[in-house]
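Numbering (the UniProt record's numbering), first residue to last: 1 to 185.
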């Protein structure tokens, strides 16, 4: 199979099950933004080493799982309403994110004000991934009635929360500084 098909050269692409839509379609924007977020998480992972995160909640294992699930969320977004979804997002996937948020957050100092998205390279990339996931969430919300799975928007919402906590957690583990927002500037 070749990488290029030429089928998108006229500005259309195929959804799951073959429906053709413009590449600017809201559904394509939503799943494309999930793909973008997945890539940013991948960049963050490239800065991390397994030995930096030993213990019961291994950061790299969890981020890999999140990337895999995010890929599936993109596939759900690419599946027209009423068509068979090959993989289904479940409530347990959201609960997994909540568990990780709680585990990592309890090791962090309490936030007393807003922080800037800074720190070590991996943390800065996780902050970037958070903002891209927020965009995917907004795009999925815009087509919420057309989605097969009502959990999709909630998963993206919780994922952005997790990425915020993950960025803080990475900064703490790797010695990155959190920069508080200066309201006087």
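Each residue gets a CB set at the ideal place from its N, CA and C atoms; glycine is no exception. Values in this document were obtained by computation on a predicted structure and should not be read as measured data.
Opposing strand residues paired with residue i [DSSP bridges]
i: residue 14; result: 20
i: residue 180; result: 115
Where residue i falls, given that 16 or more other Cβ within 10 Å makes a residue buried
i: residue 56; result: The predicted model places residue 56 with a pLDDT of 47, which falls under 50 and marks its position as unreliable, so this point remains unresolved.
i: residue 20; result: exposed
i: residue 76; result: buried
i: residue 1; result: exposed
i: residue 216; result: This structure cannot settle anything about residue 216, because the visible part of the chain is limited to 1 through 185.
Close beta carbons around residue i, own chain, < 8 Å, minus the five adjacent residues each side
i: residue 153; result: 137, 140, 141, 144 and 147
i: residue 17; result: 79, 80, 83 and 84
i: residue 24; result: 11
When the options are compared against residue i, the one with the closest alpha-carbon
i: residue 67; options: 52, 79, 82 and 33; result: 33
i: residue 43; options: 63, 161 and 112; result: 63
i: residue 49; options: 9, 122, 27 and 8; result: 122
i: residue 70; options: 169, 45 and 38; result: 38
i: residue 111; options: 6, 29, 181 and 28; result: 181
i: residue 124; options: 3, 31 and 164; result: 164
Beta-carbon proximity check, residue i vs residue j, cutoff 8 Å
i: residue 169; j: residue 107; result: yes
i: residue 178; j: residue 119; result: yes
i: residue 149; j: residue 89; result: yes
Beta-carbon proximity list for residue i, same chain, < 7 Å, skipping 5 on both sides
i: residue 26; result: 139, 142 and 143
Other residues of its chain near residue i: CB distance less than 6 Å, five sequence neighbours each side excluded
i: residue 35; result: 74
i: residue 167; result: 123, 126 and 127
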